[in-house]
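Novice:
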Amino acid sequence: MISINLVMLLFIFILGIIIGSFVNVVGLRYNSGLSSAKGRSKCFSCSIALKWYDLIPLVSFFTLRGKCRMCKTPLSFQYPAVELLTGLVFVCLALRQISLWPLYGAFEYGLLYSILFFVFYAFVFCLLIVIMIYDIRHKIIPNKLVYAFIGLSFFKLLVYLFCKNFVLTGLDLLDILSPILLFSPFAFLWYVSGGKWIGFGDAKLALGMGALLGFISGINAIILAFWIGALWSIYIIFHDRIRSSRKKPIGLKSEIPFAPFLILATIVVFFTQADFLGIEEFISVLTG
């Protein structure tokens, strides 16, 4: 059984990095006028069409030592990073579905439901990774992508309520309100700063996070995002001081897009269910 599971997870990881390669293409070509599904991949420097053996996920980047085969221009580390992240997300999703089998197994079509939820969450996280790529490169979150994420997240919330037959506890009510509770602080910061402190796209992203994660996990994802953002900002500041190459000050939105931190935190909290400040225990005490 263990060997079969390992083979299955390896297959899912390979599937994940292959899809991660496509996610890279979508993130790079979105809103560029280029088709994400058509046209051969080219080197951005020499415009030479890449061969199939230069496009093997993870493998090609390292066999080429991170450089174009023809012009030797360094390739972005984004390519293997996104492929690896997507592969790990797929593996974690598979492990999550396996761990939830006692729940799915109680239904007549439990296996089908498990597979459908795997596909659903895989699509959601691939969408989030595309948003992350785009925000890193362009410092903006595309409306169509974030609205798609919000729509899928609210669909998940409705399915969750349906599975509970709409019999709601106090925590369930907080989960219903979670999108607004997470959206409001970001929207307030955007409004009072005129978009200088935070972008409205980040507020919309938080709206979807609330619907996807629920209240407790959503709050923890926001906390983790700020921690990751703070650590990254400190790294950038010290890195620039050492190199003495940056003269203008670093700002939260002018230099560092926040959506990648929100998305990474969403992925981590979704799979770990981490509760950094003991919020769940606190709410349990309050709700009795």
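Counting from 1 along the sequence shown, just add 11 to a position and that's the residue number in this note's numbering. Idealized CB from N, CA, C, for every residue including glycine.
Would you identify the three-state DSSP class for K150, choosing helix, strand or coil?
Specialist: In the structure shown, K150 sits in coil (DSSP, three-state: anything other than H, G, I, E or B).
Novice: According to the Cβ coordinates, are V157 and G212 closer than 8 Å?
Specialist: Closer than 8 Å, so yes.
Novice: With DSSP run on the structure shown, which of helix, strand or coil describes A241?
Specialist: Of the three classes helix, strand and coil, the one that applies to A241 here is helix, per DSSP.
Novice: Which class does I294 belong to by DSSP, given the choice of helix, strand or coil?
Specialist: Three-state DSSP puts I294 in a helix.
Novice: Residues in the same chain with beta-carbon distance under 6 Å from G38, minus the five sequence neighbours each way, listed in chain order, please.
Specialist: V141, I144, Y145, listed in sequence order.
Novice: For P85, which of helix, strand or coil comes out of DSSP?
Specialist: Looking at P85 - three-state DSSP - the assignment turns out to be strand.
Novice: So, using beta-carbon positions, are L96 and G31 closer together than 8 Å?
Specialist: Cβ distance < 8 Å, so L96 and G31 count as in contact.
Novice: Could you give the C-beta distance for S164 and A222, rounded to a whole number, given that I count them as a contact under 8 Å?
Specialist: Sure, about 4 Å apart at Cβ, within 8 Å.
Novice: So, helix, strand or coil for K207, using DSSP?
Specialist: Three-state result, K207: coil.
Novice: Would L20 and A105 qualify as a contact pair, given that the criterion is a beta-carbon distance under 8 Å?
Specialist: Closer than 8 Å, so yes.
Novice: If we count the other Cβ atoms within 10 Å of its Cβ and call it buried at 16 or more, is N176 buried or exposed?
Specialist: Per the 10 Å Cβ criterion, exposed.
Novice: By how many angstroms is the C-alpha of A232 removed from the C-alpha of R252?
Specialist: Each residue's alpha carbon lies about 30 Å from the other.
Novice: Measuring CA to CA, which of S228, I267, G229 is closest to Y246?
Specialist: When each option's Cα is compared against that of Y246, the closest is I267.
Novice: Here's the rule I'm using: 16 or more other beta-carbon atoms within 10 Å means buried, otherwise exposed. How should L297 be labelled?
Specialist: Exposed is the call here.
Novice: Would G162 be called buried (16 or more neighbouring beta carbons within 10 Å of its own) or exposed?
Specialist: Counting Cβ neighbours within 10 Å, G162 comes out exposed, since fewer than 16 surround it.
Novice: Identify, in the order they occur along the chain, each residue of the same chain with its Cβ nearer than 6 Å to the Cβ of A217, setting aside the five sequence neighbours on each side.
Specialist: Excluding residues within five positions, the ones whose Cβ falls inside 6 Å are L193, F194, F197.
Novice: Measuring alpha carbon to alpha carbon, tell me which of C103, L75, V102 ends up nearest P91.
Specialist: Considering only alpha carbons, the answer is L75.
Novice: Is the beta carbon of L273 closer than 8 Å to that of A214?
Specialist: No, these two residues do not count as a Cβ contact at 8 Å.
Novice: Could you name the residues of the same chain whose beta carbon sits closer than 6 Å to that of V100, not counting the 5 residues immediately before and after it, in chain order?
Specialist: Once the five neighbours on either side are set aside, the close Cβ partners of V100 are F136.
Novice: Rounding to the nearest angstrom, what Cα-Cα distance links C57 and G77 in this structure?
Specialist: Straight-line Cα distance between these residues: approximately 15 Å.
Novice: Whole angstroms is fine: what's the gap from G27's alpha carbon to L66's?
Specialist: Taking the straight line from one Cα to the other gives about 15 Å.
Novice: Would P271 and I126 qualify as a contact pair, given that the criterion is a beta-carbon distance under 8 Å?
Specialist: Against a cut-off of 8 Å, the Cβ pair of I126 and P271 comes out as no contact.
Novice: Where L87 and I59 are concerned, what is the direct C-alpha to C-alpha distance, given to the nearest angstrom?
Specialist: One point to set straight first is that residue 87 is Ser, not Leu, in the sequence displayed. So the alpha carbons of these two residues sit roughly 16 Å apart.
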